[in-house]
Amino acid sequence: MTRTPLMAGNWKMNLDHLEANHLVQGLAMELRDNDHDFAKCEVLVIPPFTDIRTVQTIVDADELAIEYGAQDVSIHDNGAYTGEISAAMLSKLGCSYVVMGHSERREYHNESDELVGAKARKVLDAGMTPILCCGEALEIRKAGTHVDFVLGQIRAALAGWSGQDVAKIVIAYEPIWAIGTGETATAADAQEVCGAIRAALAEDFGADTAEATRVLYGGSAKPDNIKELMAQADIDGALIGGASLKAESFAAMCRFYA
Numbered sequence: 001m002t003r004t005p006l007m008a009g010n011w012k013m014n015l016d017h018l019e020a021n022h023l024v025q026g027l028a029m030e031l032r033d034n035d036h037d038f039a040k041c042e043v044l045v046i047p048p049f050t051d052i053r054t055v056q057t058i059v060d061a062d063e064l065a066i067e068y069g070a071q072d073v074s075i076h077d078n079g080a081y082t083g084e085i086s087a088a089m090l091s092k093l094g095c096s097y098v099v100m101g102h103s104e105r106r107e108y109h110n111e112s113d114e115l116v117g118a119k120a121r122k123v124l125d126a127g128m129t130p131i132l133c134c135g136e137a138l139e140i141r142k143a144g145t146h147v148d149f150v151l152g153q154i155r156a157a158l159a160g161w162s163g164q165d166v167a168k169i170v171i172a173y174e175p176i177w178a179i180g181t182g183e184t185a186t187a188a189d190a191q192e193v194c195g196a197i198r199a200a201l202a203e204d205f206g207a208d209t210a211e212a213t214r215v216l217y218g219g220s221a222k223p224d225n226i227k228e229l230m231a232q233a234d235i236d237g238a239l240i241g242g243a244s245l246k247a248e249s250f251a252a253m254c255r256f257y258a
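In terms of this note's numbering, the sequence shown is residues 1 to 258.
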């Protein structure tokens, strides 16, 4: 089975709706001018909630092949949950992907693996694709227990899932010590964990599920290291932070194959 590479731009808490408009239009122009082949790499932007409607309007009006998603989701369907956004609301806005379990959510909001798994289930049930994040802190990496730690996160989040459903999600490995620090795991470091993730999926859910599930790398991925990362056997794309806030750099990463 061929897994379509995915470049996902996580804007985090950046860009107002006017800046979002400018960035998406600029990205579309960069991709068009360089004859980007969307069959070779799926392009996804993940703006703040307040920008999603703006992005939807541009994508629909200009009939762009760029996809868009959300950075988080509620485990509740509706009701008295002030500040929460449901999966149904995001689906109605045309979102195709939703991130959960990002290290910043885990750290600042104390999100557990079980909560992350519940969010992923809500997203999948709403017809969207979950991007389930996992990753270790520097002290865990130094202790040499990073692989076991990451696999523990994934197994806890996906407890009780079927292989058929797991094959529909995306897993993003993001070593916390390499996020926004300028430090980057080497391609070999990234492959070690991404390969272990795929092996664990095969063990837990079967070879077909492991072969179908896309695994992304996230952690200071940028234009000058994306080719080496994408050359690894078990890396199917990237969850990109800062480099996705500029149309030129993000488009260059989407065209890693050129």
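Note that the Cβ used here is the ideal one computed from N, Cα and C, for glycine as well.
Should residue i be labelled buried (16 or more other beta-carbon atoms within 10 Å of its own) or exposed?
i, result
"residue 10", "buried"
"residue 122", "buried"
"residue 127", "exposed"
"residue 162", "exposed"
"residue 146", "buried"
"residue 13", "exposed"
"residue 139", "exposed"
"residue 54", "buried"
"residue 255", "buried"
"residue 72", "buried"
"residue 164", "exposed"
"residue 36", "buried"
"residue 237", "buried"
"residue 63", "exposed"
"residue 129", "buried"
"residue 198", "buried"
"residue 144", "exposed"
Among all the DSSP beta bridges, which residues are the ones paired with residue i?
i, result
"residue 238", "7, 217"
"residue 46", "10"
DSSP state of residue i, grouped into three classes?
i, result
"residue 108", "helix"
"residue 39", "coil"
"residue 171", "strand"
"residue 205", "helix"
"residue 25", "helix"
"residue 56", "helix"
"residue 126", "coil"
"residue 15", "coil"
"residue 190", "helix"
"residue 247", "helix"
"residue 179", "coil"
"residue 200", "helix"
"residue 121", "helix"
"residue 259", "Because the chain in this structure spans residues 1 to 258, residue 259 falls outside the shown range and cannot be described."
"residue 222", "coil"
"residue 233", "coil"
"residue 20", "helix"
"residue 258", "coil"
"residue 185", "coil"
Do we get a CB-CB distance below 7 Å when we pair residue i with the residues of chain D?
i, result
"residue 103", "As a matter of chain content, chain D is missing from the structure shown, which is built from one protein chain."
> Enumerated in chain order, which unbroken segments of the alpha helix (DSSP H) with a length of 4 residues or greater are wholly contained in the region 128-165?
Replying inline: Runs found: 138-143, 146-157.
> Where in the region 58-118 do unbroken runs of the beta strand (DSSP E), each at least 3 residues long, occur, reported from the N-terminal end onward?
Replying inline: Entirely contained in the region 58-118, the beta strand (DSSP E) runs reaching 3 residues are, in chain order, 67-70, 97-100.
> Does the region 90-97 come within contact of the region 57-77, defined as at least 3 CB pairs closer than 8 Å?
Replying inline: Of all C-beta pairs linking the region 90-97 to the region 57-77, three or more are shorter than 8 Å, placing the two stretches in contact.
>> Using a Cβ distance threshold of 8 Å, determine whether the region 207-215 contacts the region 241-258, with at least three qualifying pairs required.
In response: Judged by Cβ distances under 8 Å, the region 207-215 makes no contact with the region 241-258, as fewer than three pairs qualify.
> Taking one C-beta from the region 150-163 and one from the region 120-139 each time, how about it: are there three or more such pairs within less than 8 Å?
Replying inline: A contact exists between the region 150-163 and the region 120-139.
>> Using 8 Å as the cut-off, can you tell me whether the region 108-116 makes contact with the region 77-93, which would need three or more C-beta pairs spanning the two stretches below that distance?
In response: Taking 8 Å as the limit for Cβ pairs, the verdict is that the region 77-93 does not touch the region 108-116.
> Are the region 12-32 and the region 210-229 touching, with three or more C-beta to C-beta distances below 8 Å?
Replying inline: Remark: fewer than three beta-carbon pairs, one from each stretch, lie closer than 8 Å, so the region 12-32 and the region 210-229 are not flagged as touching.
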